[in-house]
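Enquirer: Note that the protein sequences, when read in sequence, are chains F and G.
By the working numbering, the letter at position 257 of the first sequence is numbered 257, and the numbering carries on one by one without gaps.
Numbers in the working numbering are just positions in the second sequence, counted from 1, shifted up by 263.
Let me begin by handing over the structure; questions about it come next.
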Amino acid sequence: MIEVKGLSKAFMDRNGEVAVQALEDVNLTVNDNEFLTVLGPSGCGKTTLLRCIGGLVPWDEGEIAIDGNPVRGPGQDRAMVFQSIALLPWASVLRNVTFGLELRGVHRSEANDTARELIELTGLRGFEKRMPNELSGGMQQRVGLARALAVDPDILLMDEPFGALDEQTRRLLQEELLQIWEETRKTVVFITHSMEEAVLLGDRVVLMSARPGKIEEIVPVPMERPRSANVDSVEGSKAFREVTTHLWSRLRDWQVDVGRARR
Amino acid sequence: MRSAPSEVTTTGGGRTRVGHHPPSHAIRRVLDSAIVLRLLTLAVVASLWQLYAVIVGGLLIPTFTGTVVEFVRLLGDGEFWQAVWVSNQPLFIGFAIAVVLGIPIGLLMGRYRWAEQFTDVYINIMLVTPMAALIPILVMSIGFGLAARILLVVLFAIPMVIVNSRTGVRQVPPMLIEMGESFGADERTLWSRILLPGSLPAVMNGIRLGLGRAITAMVIIELLMIAVGLGGLIINFRGAFQPEGLYAVVVFVVVEALVLISIVRWLESKLVPWTHEAVLASE
């Protein structure tokens, strides 16, 4: 269980004054085995929230605890998947997937065995020896996912992992992620700016607003699992439409407000 | 079996038409290959050189053919190889020092602000100062020996190595470093797993540029101040009005430089295969 209490973080400008209030008094609980999606306009601090949970950046106020233990930095219980994918360009697919395992001192042969299982799971079989620049964006992100799953984390932190992919690849990877999640049941925090993606994947959708980055609403998604086998009927369902319509009505209001403020 | 006699009756002209490519394609392919092009440009340059030497001429303009003959003679001359040996000592020792010192200095400067602040001024001085101006100072302070020549080679080569290594570390994408940290990498692991391999292409580039500067330094100090080795030979040939010898030595220096740089390039391709063009896989 991830508990975020009263989390605030500001980015300063050169004069030491607050330039952006990235997060303001964020309170959030992520249950074990929950798939939580965080939705918001760009610049709303959702990525900052994820980086704080990942222990990659310090914050100003508040607490983050995982199973009661305060977060002080990156830990073995968490693994991240990045929008920029961040594969090592000099390492093969296999070596990229074993990266986290080798850092944790797992023996090479054991790491290879684990990596092969995940390469299989993520649909990368036959690509073990390829270099990242020989792969398409979708295949690269499969490697990123396999690398994160290889260390068998309790929590998977995904920062707009499909944001840079084209629509077809994105759909395909959403379905496969659902499938993988249904098999592994990790706790997932998934950042996105796509309403459909947030609703399709999540148990709950955390809606954030920008400047200051605040949680506006947490919307439960009342759709049955498993969803991976019948994604099309899930997306055609009444519940799906109701949740997305509700999310859009909120998001649209802010857009209109921003438009008025500019005028 | 019935077709066999008809094949026999076809003439030679018929057979050429059977070839997969028309002859013009074959010629184009030969012309396109890099070696042929290089030989062609060489032939053009050599002919122009020969024509100029014969028609215009002059006491210090040798012919191309004369230079080639002298070049071959030098290759069989023990004294010439003695000069090559003398020149190459400071080149190799100085270049090795520049690489061994320059890479760590550059890498630290690229990563740590304190290292940058500590050395930045000196690197900039080394980059903007015409190094040849330092030769008299060097010779006055440490004499005409090997040490002065080694030091000049180091001074010429090391800025290239340092600046490129520094760039290499800075070019490592921050996202890769963050990725490493997310998997729990400490500073040492970041260096071995991400920063060093990530800066290798730029480091190799610095080594190659540094080598070019080292060769320049080797020749310059021998020409300007300490007349030994190949530079000394050039001065002697000039003094004796033997332009063929002078040109032949210059050609030798050029050839040596090209060979050394190809070795570095080859090393680069072995160590940094991932920068090479890749074939896109279809999903």
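Think of the CB as a built atom: it goes at the ideal place given N, C-alpha and C, for glycine as much as any other residue.
Note that this is a predicted model, so its numbers are computed, not measured.
#1: Note down, in chain order, every chain F residue with its Cβ under 7 angstroms from the Cβ of G:Gly373.
#2: Tell whether a beta-carbon distance below 8 angstroms holds between G:Ile400 and G:Leu364.
#3: Using C-beta distances below 7 angstroms, list every residue in its chain close to F:Val219, excluding the 5 sequence neighbours before and after it, in chain order.
#4: Give the list of continuous beta strand (DSSP E) stretches no shorter than 3 residues that lie fully inside the segment 43-98 of chain F.
#5: So which of G:Ile489, G:Glu519 and G:Val307 has the shortest CA-CA distance to G:Gly406?
#6: May I have the straight-line CA-CA distance separating G:Met423 from G:Arg412, to the nearest angstrom?
#7: Residues of chain F with CB under 8 angstroms from G:Met438, in chain order?
#8: Would you say the segment 44-61 of chain F touches the segment 439-453 of chain G, given that touching needs at least three Cβ pairs under 8 angstroms?
#9: Looking at chain G, is there any beta carbon in it that lies within less than 8 angstroms of the beta carbon of F:Trp254?
#10: Within the same chain, show all residues whose beta-carbon is closer than 7 angstroms to that of F:Leu50, passing over the 5 residues directly before and after it, in chain order.
#11: Count the CB pairs spanning the segment 461-474 of chain G and the segment 430-440 of chain G that are closer than 8 angstroms, and state whether there are at least three.
#12: Using a Cβ-Cβ cutoff of less than 8 angstroms, which residues in the same chain neighbour G:Ala395 once the five nearest sequence positions on both sides are dropped?
#13: Any C-beta of chain F within less than 8 angstroms: which residues of the segment 441-459 of chain G qualify?
#14: Quick one: which unbroken beta strand (DSSP E) runs of 3-plus residues sit fully inside the segment 442-523 of chain G? Chain order, please.
#15: Can you check which of these residues, F:Val93, F:Leu103, F:Arg95 and F:Ser84, is closest to F:Pro74 by C-alpha distance?
#16: Assign F:Gly40 to one of two classes, buried (16 or more other C-beta atoms within 10 Å of its C-beta) or exposed (fewer than that).
#17: Would you say F:Gly163 faces chain G, with C-beta separation under 8 angstroms as the test?
#18: F:Arg104 touches chain G at which residues, Cβ-Cβ below 8 angstroms?
#19: Does chain G have any CB closer than 8 angstroms to the CB of F:Pro74?
#20: Please state the DSSP three-state secondary structure of F:Thr37.
#21: Suppose you measure from the CA of G:Val354 to the CA of G:Val517; what does that come to, to the nearest Å?
#22: Mark F:Trp90 as exposed unless 16 or more other C-beta atoms lie within 10 angstroms of its C-beta, in which case mark it buried.
#23: Report the rounded CA-to-CA distance for G:Gly494 versus G:Ser350, giving the unit in angstroms.
#24: Alpha helix (DSSP H) containing F:Ala164: first to last residue?
#25: Count the CB pairs spanning the segment 327-346 of chain G and the segment 300-313 of chain G that are closer than 8 angstroms, and state whether there are at least three.
#26: What are the start and end residues of the beta strand (DSSP E) that includes F:Ile2?
#27: State the Cα-Cα distance for the pair G:Gly339 and G:Leu323, rounded to the nearest angstrom.
#28: Does the beta-carbon of G:Ala297 have 16 or more other beta-carbons within 10 angstroms, so that it is buried, or is it exposed?
#29: How is the beta strand (DSSP E) around F:Asn27 delimited, first residue to last?
#30: Using the Cα positions of F:Val231 and F:Thr169, report the straight-line distance between them to the nearest angstrom.
#31: Please list, in chain order, all residues of the same chain as G:Val332 whose beta carbon is under 8 angstroms from its beta carbon, the five residues on each side excluded.
#32: Relative to the C-alpha of G:Arg471, which residue among G:Val362, G:Leu496, G:Ile457 and G:Leu415 is closest?
#33: Do F:Gly45 and F:Gly213 have their C-beta atoms closer together than 8 angstroms?
#34: Three or more C-beta pairs closer than 8 angstroms, one from the segment 116-127 of chain F and one from the segment 93-100 of chain F: is that the case here?
#35: Just grab the DSSP bridge partners of F:Leu157 for me.
#36: In the DSSP assignment, the alpha helix (DSSP H) including F:Leu201 goes from what residue to what residue?
Expert: In this structure, then:
#1: What you label residue 373 of chain G is simply residue 110 of the second sequence in a count that begins at 1. Under the 7 angstroms cutoff, chain F gives no residues; its nearest Cβ is about 18 angstroms from G:Gly373.
#2: Mapped onto the second sequence, residue 400 of chain G falls at position 137. Mapped onto the second sequence, residue 364 of chain G falls at position 101. No, Cβ-Cβ distance for G:Ile400 and G:Leu364 is not below 8 angstroms.
#3: Numbered from its first residue, the first sequence carries residue 219 of chain F at position 219. Arg204, Val205, Leu207, Val243, His246 and Leu247.
#4: 61-66 and 78-81
#5: By one-based count along the second sequence, residue 406 of chain G stands at place 143. The shortest Cα separation from G:Gly406 among G:Ile489, G:Glu519 and G:Val307 belongs to G:Ile489.
#6: Here residue 423 of chain G refers to the residue found at position 160 of the second sequence. Here residue 412 of chain G refers to the residue found at position 149 of the second sequence. Rounded to whole angstroms, G:Met423 to G:Arg412 spans 18 angstroms at the Cα level.
#7: Position 175 of the second sequence, counting from 1, holds the residue named residue 438 of chain G. Chain F residues near G:Met438: Phe82, Ser84 and Ala86.
#8: yes
#9: On the first sequence, position 254 is the one that residue 254 of chain F refers to. With 8 angstroms as the cut-off, F:Trp254 does not count as an interface residue toward chain G.
#10: The sequence position of residue 50 of chain F within the first sequence is 50, counting from 1. For F:Leu50, where only same-chain residues beyond five positions count, the Cβ hits under 7 angstroms are Leu157, Asp159, Val189 and Ile191.
#11: yes
#12: On the second sequence, residue 395 of chain G is found 132 positions in, with the first residue counted as 1. Ile483 and Leu487, listed in sequence order.
#13: Glu441, Met442, Gly443, Glu444, Ser445, Phe446, Gly447, Ala448, Thr452, Arg456 and Ile457
#14: none
#15: Stepping through the first sequence from its first residue, residue 74 of chain F is reached at position 74. Nearest option by C-alpha distance: F:Leu103.
#16: As a first step, residue 40 of chain F must be located in the first sequence, where it is residue number 40. F:Gly40 should be labelled buried.
#17: If you number the first sequence from 1, residue 163 of chain F lands on position 163. False, the Cβ-Cβ gap to chain G never drops below 8 angstroms.
#18: The sequence position of residue 104 of chain F within the first sequence is 104, counting from 1. The contacting residues are Phe446 and Gly447.
#19: For the purposes of this step, residue 74 of chain F is identified with residue 74 of the first sequence, where counting begins at 1. Yes, F:Pro74 counts as interfacial toward chain G.
#20: Position 37 of the first sequence, counted from the start, is the residue given in the question as residue 37 of chain F. DSSP places F:Thr37 in strand when its eight states are reduced to three.
#21: Locating residue 354 of chain G in the second sequence gives position 91, where the first residue counts as 1. Locating residue 517 of chain G in the second sequence gives position 254, where the first residue counts as 1. Val is not the amino acid found at residue 354 of chain G; the sequence shown has Leu there. Near 14 angstroms, if we compare the C-alpha coordinates of G:Val517 and G:Leu354.
#22: Sequence index remark: in the first sequence, residue 90 of chain F carries index 90 (1-based). Classification of F:Trp90: buried, given that the 10 Å Cβ count is 16 or more.
#23: On the second sequence, residue 494 of chain G is found 231 positions in, with the first residue counted as 1. On the second sequence, residue 350 of chain G is found 87 positions in, with the first residue counted as 1. Cα to Cα, the separation comes out at about 8 angstroms.
#24: Counted from its first residue, the first sequence places residue 164 of chain F at position 164. Note, F:Ala164: premise wrong, no alpha helix (DSSP H); not H, not E.
#25: yes
#26: Here residue 2 of chain F corresponds to residue number 2 of the first sequence, with the count starting at 1. It spans Ile2 to Met12 - the beta strand (DSSP E) in which F:Ile2 sits, taken as one unbroken run.
#27: Here residue 339 of chain G is taken as the residue at index 76 of the second sequence, counted from 1. Here residue 323 of chain G is taken as the residue at index 60 of the second sequence, counted from 1. So the alpha carbons of these two residues sit roughly 24 angstroms apart.
#28: Numbered from its first residue, the second sequence carries residue 297 of chain G at position 34. The residue in question, G:Ala297, is exposed, as its Cβ has fewer than 16 Cβ neighbours within 10 Å.
#29: Residue numbering aside, residue 27 of chain F sits at position 27 when the first sequence is read from its first letter. Start and end: Val18 to Val30.
#30: Along the first sequence, one-based indexing puts residue 231 of chain F at 231. Along the first sequence, one-based indexing puts residue 169 of chain F at 169. About 15 angstroms.
#31: Indexing the second sequence from 1 puts residue 332 of chain G at position 69. Answer for G:Val332: Glu507, listed in chain order.
#32: Indexing the second sequence from 1 puts residue 471 of chain G at position 208. The shortest C-alpha separation from G:Arg471 is found at G:Val362.
#33: The residue labelled residue 45 of chain F in the question sits at position 45 within the first sequence. The residue labelled residue 213 of chain F in the question sits at position 213 within the first sequence. Yes, the Cβ-Cβ distance between F:Gly45 and F:Gly213 is below 8 angstroms.
#34: yes
#35: Counting from 1 along the first sequence, the entry for residue 157 of chain F is found at position 157. Per DSSP, F:Met80 and F:Val189.
#36: For the purposes of this step, residue 201 of chain F is taken as residue 201 along the first sequence, with counting starting at 1. From DSSP, the alpha helix (DSSP H) with F:Leu201 extends over Met195 to Leu201.
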